[in-house]
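Trainee: Per my numbering: the sequence shown = residues 839 to 1228. Ideal placement from N, C-alpha and C gives every residue a C-beta, glycine not left out.
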Amino acid sequence: MRGIPMKHLATPWADPETYLKRMQPDHPVLFLSPAVLQGTARRFQTGFPGLVSYAVKANERAEVLANLDAAGLAAFDVASPAEMRAVRAINAAAVLHYNNPVRSPAEIATGVDIGVESWAVDHPSELKKLDKVPRSAEVTVRFALPVAGAAYDFGEKFGAPPDQAVTLLKEVAAAGWKPALGFHPGTQCEDPQAWAAYITEAARIAGRAEVRIGRLNVGGGFPAHRAGEAPDLTGIFQTIGTTAARAFSNTRPQLVCEPGRAMVSEAFTLATRVKSQRDDGRTIYLNDGIYGGLVDLRDIGLPGRVRAISPDGKPRSGRRVARRVFGPTCDSLDRLPDGLPLPSDTAPGDYILFDAMGAYSIALSTGFNGYGVRNVVTVLGLAGHSREGD
Ligand SMILES: *Cc1c(COP(=O)(O)O)cnc(C)c1O
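1) Which residue wins for smallest C-alpha separation from S811, given the options R980, A958 and W1015?
2) For ligand 1, is there any heavy atom lying closer than 6 Å to the beta carbon of N897?
3) Should V1214 go down as buried or exposed, given a rule of 16 or more other Cβ atoms within 10 Å for buried?
4) Quick one: what's got a C-beta closer than 7 Å to G1131's C-beta in the same chain, skipping five residues either side?
5) Taking the beta carbon of P803 as the centre, do at least 16 other beta carbons fall within 10 Å, making it buried, or is it exposed?
6) Thinking C-beta only, is S956 closer than 7 Å to E976?
7) Are there any heavy atoms of ligand 1 lying less than 6 Å away from the beta-carbon of T1025, as far as the coordinates show?
8) Is the beta carbon of T1025 closer than 7 Å to that of A1085?
9) Who are the near neighbours of Q1092 in its chain, counting only those whose CB is closer than 8 Å to its CB and skipping five residues on each side?
10) By the three-class DSSP mapping on this structure, what secondary structure does A1100 have?
11) Rounded to whole angstroms, what's the CA-CA distance from P972 to P872? Just pull it up for me.
12) Does the beta-carbon of M922 have 16 or more other beta-carbons within 10 angstroms, so that it is buried, or is it exposed?
13) Helix, strand or coil: which one does DSSP assign to V1049?
14) Would you identify the three-state DSSP class for Q1092, choosing helix, strand or coil?
15) Rounding to the nearest angstrom, what Cα-Cα distance links A879 and S1103 in this structure?
16) Quick one: Cα of L1171 to Cα of E898, how far?
17) How is W1033 classed by DSSP in three states: helix, strand or coil?
18) Helix, strand or coil for R1145, going by three-state DSSP, please let me know.
19) Could you work out which residue in H961, V916, D1176 and L906 is closest to R1274 when comparing CA atoms only?
20) Quick check: what's the CA-CA separation for D1193 versus R1143?
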């Protein structure tokens, strides 16, 4: 394991509870456990039957990229020149997969300059724009199926229908690039059959195009542990491996995955604070909301892993009561989905801790109305994890 550059080594606190008790922050704080993040990276690398890359958009903070680099991750899914530069600032030799299939000519030129090794396309007009991309690069045809099982459907925005993917794949091979196929099943996808359906279709597309693909990118979308039992990532990895072996038999491509959410989620806990309570406590105002670190809750629902602690660091233990929760801005949309279950003894000034909040939190947080989550504090441990990250 390589060391982490000095600038990312803040003196860590023991855990969020210790920090909150001592510092009494009045703004939302994200706590990062490098041990948990590196532990997750290692679990992907040992469990996934292929190359693991990280989808930078889930959380592009330098601390995240540096810890993934330290855990040995060397490939990154980037969507923009800014993300390419963020990765290269941490690891100048990192492998970049440019998997945003819609690009301006200027963005393509930057990708060529920076040395992107793999480019996704999902439309003939976008393939034409790649003519200056060196033929030593890989071009991945991204296709889409209507998918049930993900929290939202990426197939509506990106991905060629299978017939068009056949044509594109032939053109990629004929033009001399390394041909590959790819898909992205959506986000927080709990059903391994979503990957199985896509992999089976990928083999069909390659067969119809009569092109032997070197790699198959099975996307991200792996589920984070939001409530109840942790999702069975190992089961998903096995389904991916066995389906690819069966569907492609002796032409099995190398597999690539690009988790965002499932890679970073668990390594962060978001601490917010109760500003006010009304209606006998049924309505709560927090110092963070959907314009800040909690925006993802609006789209994928309330998490189950939430707890309250008093300002002096004691866990609240009353029975759980469903609340109506508003954020801090003067905008009526700034409201979480109804029913957040908080202990009955929760009081103004308490901290509300949301576990598994590393993905699509600080990356999407705005400064609207002067609020939002800005700072990341490094901790040795998080609730439910050993200091070794397991
Ligand atoms: C967003 C995205 C990912 C990561 O998705 P998660 O649900 O965060 O794992 C991976 N690949 C592509 C192409 C994406 O757009």
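Mentor: In this structure, then:
1) Outside the modelled stretch of the chain, which goes from 839 to 1228, sits residue 811, for which no answer is possible.
2) In the sequence shown, the residue the question calls residue 897 occupies position 59. N897 Cβ: outside cutoff for every heavy atom of ligand 1.
3) Looking up residue 1214 in the sequence shown gives position 376. Label assigned to V1214: buried.
4) In the sequence shown, the residue the question calls residue 1131 occupies position 293. So the list reads P866, L868, L1108, M1195, S1199, I1200, S1203 and V1211, once near-sequence residues are dropped.
5) Nothing can be reported for residue 803, as the shown portion of the chain is limited to 839 through 1228.
6) Residue mapping note: residue 976 aligns to position 138 of the sequence shown, counting from 1. Residue mapping note: residue 956 aligns to position 118 of the sequence shown, counting from 1. Yes. Within cutoff.
7) Looking up residue 1025 in the sequence shown gives position 187. It does: the Cβ of T1025 is within 6 Å (strictly closer) of some heavy atom of ligand 1.
8) As a first step, residue 1085 is located in the sequence shown; it is residue number 247 there, counting from the start. As a first step, residue 1025 is located in the sequence shown; it is residue number 187 there, counting from the start. No, they are not a contact pair.
9) Locating residue 1092 in the sequence shown gives position 254, counting from the first residue. So the list reads G888, L889, G1052, R1053 and L1054, once near-sequence residues are dropped.
10) Here residue 1100 refers to the residue found at position 262 when the sequence shown is read from its first residue. The answer is helix: DSSP assigns A1100 an H, G or I state.
11) If you number the sequence shown from 1, residue 972 lands on position 134. If you number the sequence shown from 1, residue 872 lands on position 34. Answer to the nearest angstrom: the Cα atoms are 37 Å apart.
12) Mapped onto the sequence shown, residue 922 falls at position 84. Residue environment for M922: buried (at least 16 other C-beta atoms within 10 angstroms of its C-beta).
13) One-based indexing of the sequence shown puts residue 1049 at position 211. Note: V1049 maps to coil in three-state DSSP.
14) Position 254 of the sequence shown, counting from 1, holds the residue named residue 1092. Three-state result, Q1092: strand.
15) Locating residue 879 in the sequence shown gives position 41, counting from the first residue. Locating residue 1103 in the sequence shown gives position 265, counting from the first residue. Pairing A879 with S1103, the inter-Cα distance amounts to about 11 Å.
16) Translated into the one-based positions of the sequence shown, residue 1171 becomes position 333. Translated into the one-based positions of the sequence shown, residue 898 becomes position 60. So the alpha carbons of these two residues sit roughly 26 Å apart.
17) Here the question's residue 1033 lines up with position 195 in the sequence shown. In this structure, W1033 counts as helix in the three-state DSSP scheme.
18) Position 307 of the sequence shown holds residue 1145. Of the three classes helix, strand and coil, the one that applies to R1145 here is strand, per DSSP.
19) Past the edges of the chain, shown from 839 to 1228, lies residue 1274, and the structure says nothing about it.
20) Taking the first residue of the sequence shown as 1, we reach residue 1193 at position 355. Taking the first residue of the sequence shown as 1, we reach residue 1143 at position 305. Each residue's CA atom was taken as its position, placing D1193 and R1143 some 6 Å apart.
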